[in-house]
Amino acid sequence: MYYFSTCPYCIVVRIALWWLGLSIPLKEVMFDADNANELTAGGGKFQVPCLRIESAHGKVRWMYESIDIIRYLKKI
Ligand SMILES: N[C@@H](CCC(=O)N[C@@H](CS)C(=O)NCC(=O)O)C(=O)O
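So this is what it looks like as C-alpha cells:
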C-alpha cells in the first residue's frame, strides 16, 4: 500500500491493518520519489492511501479510497 505518515486516511487504514492482524508491504511516497512515480504511473494519480492488488493471474488493480481499501482488507 502506498501511503505517507501524516495522511489521516492512511493512518486509519494502517490501524485497520493492525486490527485485522494483516501485514502488507508499505510504500512511502512523500520522501521516496521512486514510490511516488510508481503510484502516479500505475494508479493514474498521486493520492494516498492506494492499495495495489495483484491477482494470482497477474492482473493488477489500484484501489484508492480508504473506505474501499478497508472493506477489501476485511474480506481477505
Ligand atoms: N477520500 C480519500 C481521500 C484521500 C486523500 O485526500 N489523501 C490525501 C492525503 S491525506 C492525498 O493523497 N492528497 C494528494 C496530495 O497530497 O497531493 C480517502 O478516503 O482515501
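Numbering (this note's numbering), first residue to last: 35 to 110.
The C-beta atom is built at its ideal place from N, Cα and C for all residues, glycine as well.
Nothing here was measured: the structure is a model prediction, and the numbers come from that model.
Distance CB(residue i)-CB(residue j) smaller than 8 Å
| i | j | result |
| --- | --- | --- |
| Pro83 | Ser57 | no |
| Lys61 | Tyr36 | yes |
| Ala50 | Leu85 | no |
DSSP three-state assignment for residue i, whether helix, strand or coil
| i | result |
| --- | --- |
| Glu99 | coil |
| Leu107 | helix |
| Cys44 | helix |
| Ile87 | strand |
Alpha-carbon to alpha-carbon, residue j and residue i
| i | j | result |
| --- | --- | --- |
| Gly92 | Pro59 | 17 Å |
| Val47 | Asp102 | 10 Å |
| Trp96 | Trp53 | 22 Å |
| Ile104 | Thr40 | 18 Å |
Buried or exposed by the 16-neighbour rule on C-beta atoms within 10 Å, applied to residue i
| i | result |
| --- | --- |
| Val94 | exposed |
| Ile110 | exposed |
| Gly55 | exposed |
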